[in-house]
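Below: one structure, written as C-alpha cells.
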C-alpha cells in the first residue's frame, strides 16, 4: 500500500467529482469538461501539465459527444480524474506518464457508463416520491424530492472516485511503473490517434455528404494556405452566412397566424416580477438536478414553474392539480432553447391558458432540442473543445479557462432567453415557423463542417509514420544506401493524408457499417498500441 | 432504400434528428398520428425540427395514402408513430417497413404501466399492440440510439409478464 494517496486527497477528488456533475446538470457550468477536471486534479496532486495532457486528449476524444436526449456516453471526466491521479504517482517521464494515465482513463470512462445508467434509473424513485408529495399536497416534500434528486447523480461519481484513489492508487503503481517500453510507445500512439474517434462521431452528425465542399474549403485553408485555426473559424462563419443570405427562405407564416390567433382576455395578473424572477432562477439553476429516465426534466420543470402556479391558482386543490399537470414527460435542450419555452409557458400560465401552454411545451421541446443539440453539441462546443484540447496538450492552462468561459456564457444567456420567451408567449410559434430554426441549424452545421476541415489535420498532425525504405543504389560505381521516408511520399501526394484517412475510416465504420462508438474505440486503442509498439506509426 | 418505422412519444427530437435520420440515411420524415395532426401548433412547429428534411405531419389514414404514392425502392423514409396503437394501425394499413424501433415511451398519467426499460413504459393494451406487430413477422427493437443493444421488445414484454 506504499506510495498511495491518503484519505484526504481521495476525499477532495471525490467532492470535486460530485460537484462537477451537479454543476453540469444545474447551471451547465462546464467543470465537467475533461480538460477542466484534469487541471483541477493536476493542481491537487501537484502535476498540472500531466492533468492538462490527459484532460486535453480526452477532451478531443469527446468532440461531438453530448448526452443527446439523455443517452449515456463514456464518462471521460471521471476518466481524467482517476487517470491523472494514478499517473501522477508514477516515476515515469512526462510523456510516458501521460500514456499510462490514458491507459487508466479510457477503461475507467467506459466502466462509468454503467454507473451513469444506474444514477439515471435511481432518480426515478425521486419523481415517484414527488408524485406522492403532490397527491398529499405537501409542498416542502415536493421541493425536497427535486433538490435531493442530485444524490444518485453526485454519489455515482464521488463514491467510485473516492475508493479508486484511496485504495487503488498504491497497487496500480506497481503496474504503471513496470510497463515495458514497447507498450509505453504503443500507448503514446494510441493517445495520438484516439481524437480521431471524436472527429468521426462529429462527422456522422454533420451533413457532409451534401455539403462536403465546405469541408474541403477548411482543409485547403489549413493544409495548403497555413491559415491559423482562429482565421479558419472566422472565414467559415463569413462564407456560410453569405451563402445562406443568398438562399431563398420558405415560410409557413400564414398557417401560424391562424394557430396563434387564439383570443386572450386581458385580466389583472396576480403574478409579480419577483415570481417570474424566482421561477427563472429555479429553472436556470436546477432544471436537470432530478433528471431521470422515466420523465426526464419533468420534476425540475414542475418545481421551477411552481411559484407562478401558486399565484395563478391560490386555492390549494387547484394549485396541486396544476403542478400535477406539469409532472408529465418533458425534455429539451437545457440551455439553448429550454429557457425560451419555459418563459413562454410562464406567460401562458399567467394568462390562464394552460391547455395552450401544454401544447406549446410538447410541440416546441423537440424542435428546440434539435437547435440546441446542433448549435451547442455540433458547432460551439467542439470548436471551443478543439482550441481547449490543443492548448492543454501544449501545457497551457488557457484551455481549461476557455471551457469554463463557455459554460458561463451559456449560463448567462439563459436569462435573456427566458425574457424573450416570456414576451413572445404564443407568438413564439410564429417565430419558429418563419423557418428560423432550419436556417440556424443549417448555418451551424455547415460552419462546423468548414471548421472541421481545418481542425482535423491540425489536431491529428501527430499521426505520422516513421517508416523508411532503404535501397541500395549504384552511384559512380559505389554501392550507396539510400533511405526514403514513406511520410515524405505521403506528404507529396496529399498533405495530412494519414489523419484524413483515419478520420474517414472511423466515419465509415460508424455511419456505413453501423459500428458502435465502443467498438470503434476498442479498435483504435488496439490499433494504436500495436502500430506504436511495432514503430509503424 | 426503404421505409423505417420509429415509435417515439417525443416525435421529432434531438435523438431522432441527430442520430436516427443519419443512421437510416432518411431523406424524408412522416409523422403519422391522429392526435398530433389535429393540433395546429404541432403541425406547424414539428417540420421545423427536422433539420431541413421534408416533413409531413398527417393523420394515420393520410399517412398511408402518402406512403402508397411513394416507392420504397427510391426513397429512405422515416415514419414516426407516437405509440404502439398508432404503429399497429399503420402496419394494418399495409405499411411494410424494413425495421421497427421504439425510441422512447413516456408513461401516461392515469394508466397502469410497467417500465420495460428505464425509458419505455408499456401498458397491457400497448403490449397487445406490440405483440400484434411482432406476429406479423417483425422484430421490434427498443433502442435510443444505434449504440444501444438491439433487444427484442416482444420478448422483453413476455419476461415482464405483460403478455
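Protein chains in written order, with this note's numbering: chain A, 593 to 1129; chain B, 37 to 199.
Idealized CB from N, CA, C, for every residue including glycine.
Just so we're clear, the structure is a prediction, and the values are computed from it rather than from any experiment.
Pair within 8 Å by beta-carbon distance, residue i and residue j
{"i": "residue 610 of chain A", "j": "residue 749 of chain A", "result": "yes"}
{"i": "residue 649 of chain A", "j": "residue 783 of chain A", "result": "yes"}
{"i": "residue 672 of chain A", "j": "residue 642 of chain A", "result": "no"}
{"i": "residue 901 of chain A", "j": "residue 891 of chain A", "result": "no"}
{"i": "residue 1035 of chain A", "j": "residue 963 of chain A", "result": "no"}
{"i": "residue 169 of chain B", "j": "residue 124 of chain B", "result": "yes"}
{"i": "residue 815 of chain A", "j": "residue 1099 of chain A", "result": "no"}
{"i": "residue 937 of chain A", "j": "residue 899 of chain A", "result": "no"}
{"i": "residue 1037 of chain A", "j": "residue 970 of chain A", "result": "yes"}
{"i": "residue 965 of chain A", "j": "residue 50 of chain B", "result": "yes"}
{"i": "residue 949 of chain A", "j": "residue 940 of chain A", "result": "yes"}
{"i": "residue 794 of chain A", "j": "residue 979 of chain A", "result": "no"}
{"i": "residue 776 of chain A", "j": "residue 677 of chain A", "result": "no"}
{"i": "residue 1010 of chain A", "j": "residue 935 of chain A", "result": "yes"}
{"i": "residue 919 of chain A", "j": "residue 731 of chain A", "result": "no"}
{"i": "residue 788 of chain A", "j": "residue 1052 of chain A", "result": "yes"}
{"i": "residue 94 of chain B", "j": "residue 120 of chain B", "result": "no"}
{"i": "residue 637 of chain A", "j": "residue 674 of chain A", "result": "no"}
{"i": "residue 89 of chain B", "j": "residue 65 of chain B", "result": "yes"}
{"i": "residue 181 of chain B", "j": "residue 55 of chain B", "result": "yes"}
{"i": "residue 58 of chain B", "j": "residue 703 of chain A", "result": "no"}
Cβ shell of residue i (< 7 Å), same chain only, five flanking positions each side left out
{"i": "residue 593 of chain A", "result": "For residue 593 of chain A, the predicted structure reports a pLDDT of 40, less than 50, and the residue's modelled location is therefore unreliable. A value from the coordinates is still provided. Counting only Cβ-Cβ distances below 7 Å, and skipping sequence neighbours, we find 762."}
{"i": "residue 198 of chain B", "result": "150, 158, 160 and 163"}
{"i": "residue 714 of chain A", "result": "744"}
{"i": "residue 1023 of chain A", "result": "1016"}
{"i": "residue 698 of chain A", "result": "671 and 1117"}
{"i": "residue 1125 of chain A", "result": "774, 775, 777 and 778"}
Inter-residue spacing [alpha-carbon to alpha-carbon] between residue i and residue j
{"i": "residue 790 of chain A", "j": "residue 76 of chain B", "result": "40 Å"}
{"i": "residue 118 of chain B", "j": "residue 716 of chain A", "result": "22 Å"}
{"i": "residue 874 of chain A", "j": "residue 925 of chain A", "result": "16 Å"}
{"i": "residue 832 of chain A", "j": "residue 1039 of chain A", "result": "6 Å"}
{"i": "residue 53 of chain B", "j": "residue 86 of chain B", "result": "6 Å"}
{"i": "residue 944 of chain A", "j": "residue 956 of chain A", "result": "19 Å"}
{"i": "residue 954 of chain A", "j": "residue 193 of chain B", "result": "28 Å"}
{"i": "residue 865 of chain A", "j": "residue 1108 of chain A", "result": "49 Å"}
{"i": "residue 1097 of chain A", "j": "residue 1104 of chain A", "result": "10 Å"}
{"i": "residue 663 of chain A", "j": "residue 114 of chain B", "result": "21 Å"}
{"i": "residue 694 of chain A", "j": "residue 132 of chain B", "result": "47 Å"}
{"i": "residue 652 of chain A", "j": "residue 766 of chain A", "result": "29 Å"}
{"i": "residue 986 of chain A", "j": "residue 645 of chain A", "result": "8 Å"}
{"i": "residue 74 of chain B", "j": "residue 869 of chain A", "result": "35 Å"}
{"i": "residue 612 of chain A", "j": "residue 726 of chain A", "result": "30 Å"}
{"i": "residue 786 of chain A", "j": "residue 1112 of chain A", "result": "10 Å"}
{"i": "residue 44 of chain B", "j": "residue 116 of chain B", "result": "7 Å"}
{"i": "residue 838 of chain A", "j": "residue 876 of chain A", "result": "37 Å"}
{"i": "residue 138 of chain B", "j": "residue 42 of chain B", "result": "6 Å"}
{"i": "residue 884 of chain A", "j": "residue 1084 of chain A", "result": "53 Å"}
{"i": "residue 932 of chain A", "j": "residue 736 of chain A", "result": "26 Å"}
{"i": "residue 1044 of chain A", "j": "residue 61 of chain B", "result": "21 Å"}
{"i": "residue 803 of chain A", "j": "residue 685 of chain A", "result": "44 Å"}
{"i": "residue 104 of chain B", "j": "residue 792 of chain A", "result": "37 Å"}
Spatial neighbours of residue i in its chain, beta-carbon cut-off 8 Å, leaving aside the 5 residues before and after
{"i": "residue 881 of chain A", "result": "614, 617, 618, 738, 739, 741, 742, 745 and 892"}
{"i": "residue 826 of chain A", "result": "none"}
{"i": "residue 835 of chain A", "result": "1038"}
{"i": "residue 147 of chain B", "result": "159"}
Close-in-space but distant-in-sequence residues of the same chain around residue i (CB under 6 Å, 5 per side omitted)
{"i": "residue 887 of chain A", "result": "719 and 921"}
{"i": "residue 597 of chain A", "result": "757 and 761"}
{"i": "residue 660 of chain A", "result": "965"}
{"i": "residue 1180 of chain A", "result": "Residue numbering for chain A in the displayed model covers 593 to 1129; residue 1180 of chain A lies beyond these limits and cannot be assessed."}
Residue i: CB within 7 Å of a non-hydrogen atom of the ligand FAD
{"i": "residue 54 of chain B", "result": "Among the ligands in the structure shown, none appear at all, so the ligand FAD cannot be discussed."}
Cβ-Cβ separation, residue j to residue i (assumed contact under 8 Å), whole Å
{"i": "residue 166 of chain B", "j": "residue 190 of chain B", "result": "6 Å"}
{"i": "residue 620 of chain A", "j": "residue 1003 of chain A", "result": "6 Å"}
{"i": "residue 810 of chain A", "j": "residue 828 of chain A", "result": "6 Å"}
Pull out every residue of the stretch 51–85 of chain B whose Cβ sits closer than 9 Å to any Cβ of chain A, in chain order.
Per Cβ criterion, the list reads 51, 52, 53, 54, 55, 58, 59, 61, 72, 75, 76, 77, 78, 79, 80, 81, 82, 83, 84 and 85.
Below 7 Å between beta carbons is the criterion; list the residues of the stretch 134–147 of chain B that meet it against any residue of chain A, in chain order.
Residues of the stretch 134–147 of chain B with a C-beta atom less than 7 Å from some C-beta of chain A are 142, 143 and 145, listed in chain order.
Output, in sequence order along the chain, the residues in the stretch 177–189 of chain B whose CB is closer than 7 Å to any CB in chain A.
Here the close residues are 180, 181, 182 and 183.
Going along the stretch 946–965 of chain A in order, which residues come within less than 9 Å of chain B, judged by CB to CB distance?
948, 951, 952, 954, 955, 956, 957, 958, 959, 960, 961, 962, 963, 964 and 965
Contact set between the stretch 1028–1058 of chain A and chain B, restricted to residues whose Cβ is under 7 Å from the partner:
For the stretch 1028–1058 of chain A, the set of residues with a beta-carbon nearer than 7 Å to any beta-carbon of chain B comprises 1029, 1030, 1033 and 1034, in chain order.
Given a limit of 9 Å on CB to CB distance, which residues of the stretch 38–49 of chain B reach chain A?
Answer in chain order: 45, 46, 47, 48 and 49.
Check each residue of the stretch 873–907 of chain A: if its Cβ is closer than 7 Å to any Cβ of chain B, include it; give the result in chain order.
885, 886 and 887
Interface residues of the stretch 154–180 of chain B facing chain A [CB-CB below 8 Å]:
154, 155, 157 and 180
With 9 Å as the limit, tell me which residues of the stretch 697–715 of chain A have their beta carbon closer than that to any beta carbon of chain B; keep them in chain order.
Answer in chain order: 709, 712 and 713.
Identify each residue in the stretch 1105–1123 of chain A for which the Cβ-Cβ distance to at least one residue of chain B is less than 8 Å, and report them in chain order.
1106, 1108, 1109 and 1110
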